[in-house]
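Undergrad: This is the structure I have questions about; it appears just below.
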Amino acid sequence: GRGGGGNAARGGKWRNAEKRAVKTTEKKNLPVPSKNDREMLWDGKNVGSLPNMMWRAVSMEDLRLHPHFVGLPEPEDVRIESAMDYRKFRQGSKEWGLLHDGRLTTSRMGPMLGIYEPTAQSKLGVPRSLSGHHKAI
3 GRGGGGNAAR
13 GGKWRNAEKR
23 AVKTTEKKNL
33 PVPSKNDREM
43 LWDGKNVGSL
53 PNMMWRAVSM
63 EDLRLHPHFV
73 GLPEPEDVRI
83 ESAMDYRKFR
93 QGSKEWGLLH
103 DGRLTTSRMG
113 PMLGIYEPTA
123 QSKLGVPRSL
133 SGHHKAI
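Per this note's numbering, numbering of the sequence shown is gapless, rising by one per residue and ending at 139.
Written as structure tokens, this is what we have:
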């Protein structure tokens, strides 16, 4: 398969990986995951009509542990001294929602410009899953 993924899925490059202390992949000289590592990365559910958006997603808890992560303060800790302080509110907070209510934001531009309407969608190459008049409503 492309990039060797097919072989790995059938046990090709990973065959007997747990018996070797430092087996590596052919292309990038990266360590091959052990059987236990592979089982942790894949839950075996590769069927269904909806993608699993949380598969291999980094949790906020893990993200906050990274040394380069700079988190926003809790909403109750934000002191508003100017309009520049509005950006300190976490997305999803009540305050963030109130600040965006009734505003034209970039997430609303596509539907408002008609990009998802069938004619524009076909000319611009917008995926069919995003097209349709219902996206503008």
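For each residue, glycine too, the CB sits at the ideal point set by N, CA and C.
(1) Using only alpha-carbon positions, find the residue among 113, 75, 127 that is nearest to residue 95.
(2) One question on the structure: do residue 88 and residue 101 come within less than 8 Å of each other, judged by their Cβ atoms?
(3) Judging by CA-CA distance, which residue of 60, 68, 132, 77 is the nearest neighbour of residue 92?
(4) What did DSSP end up calling residue 92 once you bin it into helix, strand or coil?
(5) Just to confirm my understanding: we take residue 119, look at its own chain, exclude 5 residues before and 5 after, and list those with CB closer than 6 Å. What are they?
(6) Have a look at 60, 113, 121 and flag the residue whose alpha-carbon is nearest the alpha-carbon of residue 136.
(7) Given residue 65, which residues of its chain have a CB within under 7 Å of its CB, disregarding the five upstream and five downstream residues?
(8) Starting from residue 64, trace the alpha helix (DSSP H) both ways and give me its first and last residue.
TA: Short version:
(1) The shortest C-alpha to C-alpha distance from residue 95 to any of 113, 75, 127 is the one to 75.
(2) Yes, Cβ-Cβ distance for residue 88 and residue 101 is below 8 Å.
(3) Comparing Cα positions, the closest option is 77.
(4) The answer is coil: DSSP assigns residue 92 none of H, G, I, E or B.
(5) Taking C-beta separations shorter than 6 Å and ignoring five residues to either side along the sequence, residue 119 has no partners in its chain.
(6) The shortest CA-to-CA distance from residue 136 to any of 60, 113, 121 is the one to 113.
(7) Counting only Cβ-Cβ distances below 7 Å, and skipping sequence neighbours, we find 71.
(8) In the DSSP annotation of this structure, the continuous segment of the alpha helix (DSSP H) that includes residue 64 starts and ends at 62–67.
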